[in-house]
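In what follows, a structure is listed as structure tokens, so that the remarks can point back to it.
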Amino acid sequence: MGHATCVENLAALVHVAQQAGVLVVGKELPKRDLVRLQEGRALVPELLQRTRGGWYPTDLVDPPPQNDSSWRQAMWQGAQGWLAQPEPHSARGEEGQAGQ
2 MGHATCVENL AALVHVAQQA GVLVVGKELP KRDLVRLQEG RALVPELLQR
52 TRGGWYPTDL VDPPPQNDSS WRQAMWQGAQ GWLAQPEPHS ARGEEGQAGQ
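Under this note's numbering, the sequence shown has 72 at position 71, and the numbering climbs by one with no breaks.
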């Protein structure tokens, strides 16, 4: 959570998932398990059995009123930039259609 760009991107992703009706839940794993997952030496279902706790990524988008903070507001503001960017393929598609 110390890298603002990653947190902003996560907040934008959570927002899109919420709009699509997808339940978003966070799980904590030891770093060694994350490394094993990244290296292809473990599968997600196997590691989920070893979770240490949960957290609520949706709080990045819509926190309980008593738990909001200036940090969360800054991350959500940064996420707005990710949400506002047009999709690269749609811009190319429009140009290609105009020339036809």
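C-beta atoms are modelled at their ideal positions from N, C-alpha and C, and glycine is treated no differently.
All values reported here derive from a predicted model rather than from experimental measurement.
Along the alpha helix (DSSP H) that carries G79, what are the first and last residues, could you check?
S71 to A85
With 16 other CB atoms within 10 Å as the buried threshold, where does L35 fall?
exposed
Can you have a look at W77 and say buried or exposed, based on whether 16 or more other CB atoms are within 10 angstroms of its CB?
buried
Using a 10 Å radius around the Cβ and a threshold of 16 neighbouring Cβ atoms, would you call H1 buried or exposed?
The shown model of the chain, from 2 to 101, leaves out residue 1, and the question about it has no answer.
If we require 3 or more residues per run, which beta strand (DSSP E) segments fall completely within the stretch 36–72?
Listed in chain order, they are 54–56.
Return the chain-ordered list of same chain residues with a C-beta closer than 6 Å to the C-beta of L84, the five sequence neighbours on each side being excluded.
A13
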